[in-house]
Amino acid sequence: MFSDVWRYEVDQGEWFRFETSGPLGRWKEAATPVQNSSKLVLMGGCTETSVQFSRNDLWVFNPADGTWVEVETRNKPVPRRGHVIVANQSHLIMFGGKSTKHYAKRSYAELPEDENPQQGEKCLVDLWAISKEEVLAGSEPRWTQGPPFPAPCRWGSTGVVISGKGGAKKRYLAFFGGRHLGEGSVEHTDQSAYIYYNDLWLYDFIQEKWSLAPTEGPRPPARDHHGSATLQGKLFIYGGRRSEKREEHSVLADVWSYDLDTSRWTFYEPQNAAPMARFMPGVSDWKYKGVPHLAIFAGESLPGSTKRTTMNDLWVFNPHSGIWTELFTSNCDLPEETPAVMYTTEALCLVAGFGFVSLLVLGLKKLRPSVAREMQEPLL
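Each residue of the sequence shown is one higher than the last, beginning at 127 in our numbering.
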């Protein structure tokens, strides 16, 4: 697992590594920018392949000086991976994911008595909030549990903040996709063991209530381990995986957006050469040459092993023109140069560490992204 942090300089077309120490290397963590993208908060993730190595630690990264700070918190949620975390004006909101059977039982404690999880359930339905101000101050903030998710649990989903209807443009946590192991199925088989979702759920920060987003017309195929971002108040999703089978058709390369004002999904047909299909990409929004773009970094394709199918390319997509632009070409070959260069190139070929989300955010922070803009409404 990797624990490195990089930034990308668009004028030079090069990556630069932050020389820093911090969290243990991990994958399937959750991260979100705060303070107008000047800092990054990272929570949880898994330091080994098995879910039993999931964590519930909380860290803050400051790209101004390249330092990590671990924040001690009280009333911690159970360790997890494959969850989501977002920031509004006053709080960090963390939801869902996957953990061990033992910890998952605690996630279901708040469910109504007539709603029982399937035997041996590992995925989580709990939602938690913590004061953003206290996290950044490092004053041992306390996690507070909110209402549980009212639908079947899942992991590998995405969550971003989007604008809703009305003059005040109320905003929500938009939670899309994910997968869940079917009852009686066995993990990591080439059978149809998993249920993949394409429903969109909204969490109202003010009313502290979940609702299924209204949807008219076509919607994206079900998937998990995709990427998402907010562009001009809309939810954008890219890529992901729609089958457990290690085959080429199991991964996606499509771009969709959802608009709460129209309750409709929009599919974007690429007008030129597009990135290779992939899952677990880093996705962010970014103003490239003054125009809002969707930025895509790295990910993994199929078929083949992780070592052979992992990428480190960087692309931006203009949803208004349908044009993709490649800023950095994937290159995971070890060069025949100095040991330092060999190490740098190898590190760029990220497998699934917290490079995928946090590296992209931090790298594009240098380029003035508008990732996860602060909410106007506090969590009451």
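Glycine included, C-beta positions come from ideal geometry on N, C-alpha and C.
Since the structure is predicted, the reported quantities are computational estimates derived from the model, not experimental observations.
- The beta carbon of K165 sits closer than 8 angstroms to the beta carbons of P159, V186, F187, N188, P189, L262 from its chain, once the five residues preceding and following it are set aside; these are given in chain order.
- CA-to-CA, the gap between P267 and L168 works out to about 15 angstroms.
- Residue pairing by DSSP places Q271 opposite W254 in a beta bridge.
- Per DSSP, A400 lies in no beta strand (DSSP E) segment and is marked neither H nor E.
- With a contact defined as Cβ atoms closer than 8 angstroms, A319 and M220 miss out at about 27 angstroms.
- Its Cα nearest to that of V287, the residue W327 stands out among W327, G304, A277, S257.
- Assignment of beta strand (DSSP E) within the segment 366-430, counting only whole runs of 3 or more residues, yields 377-385, 390-393, 408-414, 417-426 in chain order.
- In this structure, the straight-line span from the alpha carbon of N444 to that of K360 is close to 14 angstroms.
- Here Y323 is not near R297, since their CB atoms are 8 angstroms or more apart.
- When only Cα atoms are considered, T146 and R152 end up about 16 angstroms apart.
- Residue pairing by DSSP puts M437 in a beta bridge opposite G425.
- Pairwise C-beta distances place the segment 329-341 out of contact with the segment 394-401, as fewer than three of them are shorter than 8 angstroms.
- In this structure, the beta-carbon distance from A255 to H217 falls below 8 angstroms.
- By the beta-carbon neighbour count (other beta carbons within 10 angstroms, threshold 16), E140 is exposed.
- Looking at the backbone, the Cα of V417 and that of S447 are separated by about 11 angstroms.
- In this structure, G365 sits near H352, with a CB-CB distance shorter than 8 angstroms.
- The C-beta of P205 has 16 or more other C-beta atoms within 10 Å across all chains shown, which makes the residue buried.
- For Y323, no beta strand (DSSP E) segment is defined, and its DSSP state is neither H nor E.
- Assignment of beta-bridge partners to L218 by DSSP yields A213, I256.
- Rounded to whole angstroms, the separation of the alpha carbons of E309 and A355 is 31 angstroms.
- Comparing alpha carbon positions, the residue from P346, T341, V136 closest to S389 is T341.
- According to the DSSP secondary-structure assignment, L184 is paired through a beta bridge with M169.
- In the three-state DSSP reduction, A157 falls in the strand class (E or B).
- Nearest C-alpha to G222 among D252, R232, T199, N201: D252.
- Annotated three-state conformation of F362 is strand, per DSSP.
- In the DSSP secondary-structure assignment, G285 is bridged to F301.
- In this structure, A424 places its C-beta atom within 8 angstroms of the C-beta atom of D439.
- The continuous beta strand (DSSP E) containing V195 extends over residues 193-196.
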